[in-house]
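1 is the number of the first residue of the sequence shown in the UniProt record's numbering; add one for each residue after it.
C-beta: ideal position from N, C-alpha, C; glycine also.
It should be emphasised that the depicted structure is a prediction, and the values quoted were computed from it without experimental measurement.
Taking it in order: structure first as structure tokens, then the write-up.
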Amino acid sequence: MTKRLLSTSLRALSHENPLGLPRTGAPPELPRRQRGLPEKRNIRDVRKVIAVSSAKGGVGKSTIAVNLALAFARRGHRSGVLDTDIFGPSIPTLLNLRGEPRLSANDQLIPLSNYGVKSMSMGYLVDEKAPVVWRGLMVMKALQQLLHEVEWGGLDILVLDLPPGTGDTQLTITQQIKLDGAVIVSTPQDIALKDAVKGISMFRKVSVPILGMVQNMSVFSCPNCGHSTHIFGSEGVARTCESHDIELLGDIPLDARICDDADRGKPTVVAEPESARGAAFMGIADIIGRKIDL
Ligand SMILES: Nc1ncnc2c1ncn2[C@@H]1O[C@H](COP(=O)(O)OP(=O)(O)O)[C@@H](O)[C@H]1O
Ligand SMILES: [Mg+2]
Ligand SMILES: [Zn+2]
1 MTKRLLSTSL
11 RALSHENPLG
21 LPRTGAPPEL
31 PRRQRGLPEK
41 RNIRDVRKVI
51 AVSSAKGGVG
61 KSTIAVNLAL
71 AFARRGHRSG
81 VLDTDIFGPS
91 IPTLLNLRGE
101 PRLSANDQLI
111 PLSNYGVKSM
121 SMGYLVDEKA
131 PVVWRGLMVM
141 KALQQLLHEV
151 EWGGLDILVL
161 DLPPGTGDTQ
171 LTITQQIKLD
181 GAVIVSTPQD
191 IALKDAVKGI
201 SMFRKVSVPI
211 LGMVQNMSVF
221 SCPNCGHSTH
231 IFGSEGVART
241 CESHDIELLG
251 DIPLDARICD
261 DADRGKPTVV
271 AEPESARGAA
281 FMGIADIIGR
291 KIDL
């Protein structure tokens, strides 16, 4: 706190609201600069970029994205996570971070870090209680800044937590950023799988390699008697992988402790790295690391 107050007064003012987004009232004008299709760009100072995607919300995408980023850090890589879910950012909660990012000397957003992982999220920039009412251009402006105006300061790997679906945001990201691959998260439930297939098609259309699928919440082991139940079925993701020629990267069990760890801002990979759950995340990160030459 004091440190922030002591750092130059001008800068203190300028990072009050780094994006200059309206907290109330009408959205500001967006400069007209984008014509035609943007070229795919690298994110500056970042070696590898992967996207964690799911066509449906609530299947565990953010939980998996953050645990993967933490797993890469555990393996000694310089790791970061970028929360591109503008309407429902969850990385601040998952990493137990809040507050407004400072700006660097060249007006780039400086990531917030915890557990050895750097992060940037809309959640740091907009008050949690402020209704996110801007649409269209505003969202696109915010997204541009998250994608291109963060000073990562040298990363081996950046994990993008995508919003659910295959809409504008996903298309913008996949068309603007050179991605080393996409990981698709699904539960084994038919309705989730149907949407996952849409995600597969989207990545293929924009020529992003699909690294594989992660099956989440497939098996529940009763803490009382140890009996295992496949609440959403057990074969779904494997079948989808087979019919679309995709690797099944791993299975994350449905476990109340994964949820508790997430809610208290200390994800499984840091809270219980030696547990079977922790090992499941580490195993998936290791496969991905090999696939992208990390
Ligand atoms: N394997 C799991 N076991 C138990 N709870 C989980 C698991 N994966 C995710 N959750 C919980 O499910 C909810 C949705 O997960 P989240 O990662 O936010 O999904 P998404 O980003 O796809 O919307 C969260 O409360 C999270 O803690
Ligand atoms: Mg999410
Ligand atoms: Zn039981």
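For ligand 3, enumerate in chain order all residues having a CB closer than 6 angstroms to any of its heavy atoms.
Those satisfying the condition are, in chain order, C222, N224, C225, H227.
Is the segment 198-207 in contact with the segment 66-82, if contact means three or more CB pairs nearer than 8 angstroms?
At 8 angstroms Cβ cutoff, the stretches do not touch.
Run through DSSP, which three-state label would N67 get?
Of the three classes helix, strand and coil, the one that applies to N67 here is helix, per DSSP.
Tell me where the beta strand (DSSP E) around M117 begins and ends.
Correcting the residue type first, residue 117 is Val in the shown sequence and not Met. That run of the beta strand (DSSP E) goes 117-121.
Using 8 angstroms as the threshold, is the C-beta distance between P163 and Y124 below it?
No, the pair does not count as a contact, with Cβ atoms beyond the cut-off.
Looking at C-beta atoms only, is the number of pairs between the segment 40-51 and the segment 147-164 that lie closer than 8 angstroms three or more?
These segments touch.
Fully enclosed by the segment 227-277, which beta strand (DSSP E) runs are 3 residues long or longer?
Complete beta strand (DSSP E) runs here, min 3: 248-252.
Hey, quick one: how far does the beta strand (DSSP E) through I157 stretch, first residue to last?
Element bounds for I157: 155-161.
Which first and last residues belong to the beta strand (DSSP E) in which L112 is found?
L112 -> beta strand (DSSP E) spans 112-114.
What would DSSP say about Q215, mapped onto helix, strand or coil?
Strand at Q215.
Starting from the Cα of residue 312, find the closest Cα among L103, D293, V183, S79 and give me that residue.
The requested residue 312 is not part of the displayed model; the chain covers only 1 to 294.
Which partner residues does S221 have in the DSSP bridge list?
Partner(s): S228.
Please list, in chain order, all residues of the same chain as N96 whose beta carbon is under 8 angstroms from its beta carbon, the five residues on each side excluded.
Taken in chain order, the residues that qualify are N114, R264, G265, K266.
Can at least three beta-carbon pairs, one atom from the segment 249-262 and one from the segment 209-221, be found at a separation below 8 angstroms?
Touching, yes.
Just verifying my parser: in three-state terms, what is the DSSP assignment at D293?
DSSP places D293 in coil when its eight states are reduced to three.
Do the CB positions of V183 and I288 come within less than 8 angstroms of each other?
It is a contact, given that the beta carbons lie within the stated cut-off.
According to DSSP, is K48 helix, strand or coil?
In the structure shown, K48 sits in a strand (DSSP, three-state: E or B).
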